[in-house]
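Beneath this line is the structure, given in structure tokens, with notes to follow.
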Ligand code: NDP
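Residue numbers (the numbering used here): 3 to 326.
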């Protein structure tokens, strides 16, 4: 495994990490979750990502049960949660958002479900237009001072709001966000590469990036339709199907062009796509998702492909995603 600093913090995080979205508590029960976490930890993965909203808290419960069962030393891994969407079926106004009340209560609930005493990373899952940023920054600062959270961050906040959080933290001597959690993959680059560029420079922020395979699209599995056992066939994720596949054939054309490059290198497209994310030095960790052990095995192999992405290969990749 390769380890990278989480931005300018002293935390060494594995360059490949593992997240529970969609899978834990829906496609994957406790036994499979145990196999996935055991494999990941065995290969040096030291960060497991979660959120209050993932399967309405069940993903955290499954992860917590499995972590307790596997008895990994607590100092050998990091675990996260994210607050904003709520975990209730139809959240009441106090059960969602980034108010002090919900941030503090959601943290408490995540600690219980994950069966840990503190969260290593705690993210604001989206910006909350109905809460002053001051209130959220102060709530995160409180959690850090109470020892319930070690580092806090944002997820998909506009750069402007992150600047504002830093200004508030600096002026009031509060802990500032140290990490962003954005989507980043071969088909989705703008925010990480352009919008956030000033943040790395100004504050040394790290990133834990999500959907490196664009929910599986960058495996090539959706080239000829939607396999019945795949993520985009899951009931309740029709919105995701629309988001991933509803943009015409242009994206599938890019996937096919990328597949040719991967085939010439003799590697699966998944490994090429994941390794490509790691070429960006501002990516602290690529969060992998997997519904099967074989997928995780394959995706962890991306580290071996990384040294093969030389200038010529990267230029070909660039042309494939620009012109097809
Ligand atoms: P990916 O884009 O890698 O998608 C993962 C899915 O792709 C798997 O569940 C599987 O779906 C399919 N897949 C993975 N590997 C393979 C393979 N080798 N061959 C074929 N299919 C494969 O990552 P995620 O979208 O899961 O994102 C990773 C993590 O990031 C999440 O688990 C979550 O923790 C976090 N996240 C954060 C968000 C945020 O807003 N902050 C938003 C989304 C995710 P299947 O087998 O079901 O088809």
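Don't be surprised by glycine CBs; every beta carbon is placed ideally from N, CA and C.
First through last residue of the beta strand (DSSP E) which encompasses residue i
i	result
residue 1	Because residue 1 is not part of the residues shown, which for the chain are 3 to 326, the question remains open.
residue 18	18 to 21
residue 77	Unbroken run through residue 77: none, as it is neither H nor E.
Residue i, enclosing alpha helix (DSSP H) - first and last residue
i	result
residue 44	32 to 44
residue 180	Where residue 180 is concerned, there is no enclosing alpha helix (DSSP H), given that its DSSP letter is neither H nor E.
residue 68	60 to 72
residue 349	The chain is shown only over 3 to 326; residue 349 falls outside these bounds and no answer can be derived.
residue 246	240 to 247
residue 167	161 to 174
residue 202	199 to 205
Proximity of residue i and residue j at Cβ, strictly below 8 Å
i	j	result
residue 257	residue 281	no
residue 99	residue 61	no
residue 22	residue 48	no
residue 210	residue 181	yes
residue 113	residue 140	no
residue 84	residue 20	no
residue 87	residue 43	no
residue 120	residue 155	no
residue 216	residue 190	yes
residue 145	residue 214	no
residue 24	residue 50	no
residue 278	residue 311	yes
residue 286	residue 15	yes
residue 188	residue 224	no
residue 178	residue 167	yes
residue 304	residue 18	yes
Where residue i sits in the DSSP three-state scheme
i	result
residue 138	helix
residue 120	coil
residue 326	Because residue 326 sits at a pLDDT of 45, beneath the cut-off of 50, its placement in the model cannot be relied upon, and the following sentence gives the value as read from the coordinates. Of the three classes helix, strand and coil, the one that applies to residue 326 here is coil, per DSSP.
residue 103	helix
residue 112	helix
Per DSSP, cross-strand counterpart(s) of residue i
i	result
residue 211	288
residue 187	190
residue 335	Residue 335 cannot be examined here, being either before or after the span of the chain that is shown, 3 to 326.
residue 269	According to DSSP, residue 269 bridges with nothing at all.
residue 223	None, per the DSSP bridge assignment.
residue 51	21
residue 125	84, 155
Closer than 7 Å: residue i CB and nearest ligand 2 heavy atom
i	result
residue 25	With respect to ligand 2, the structure offers nothing, as its ligand set consists of ligand 1.
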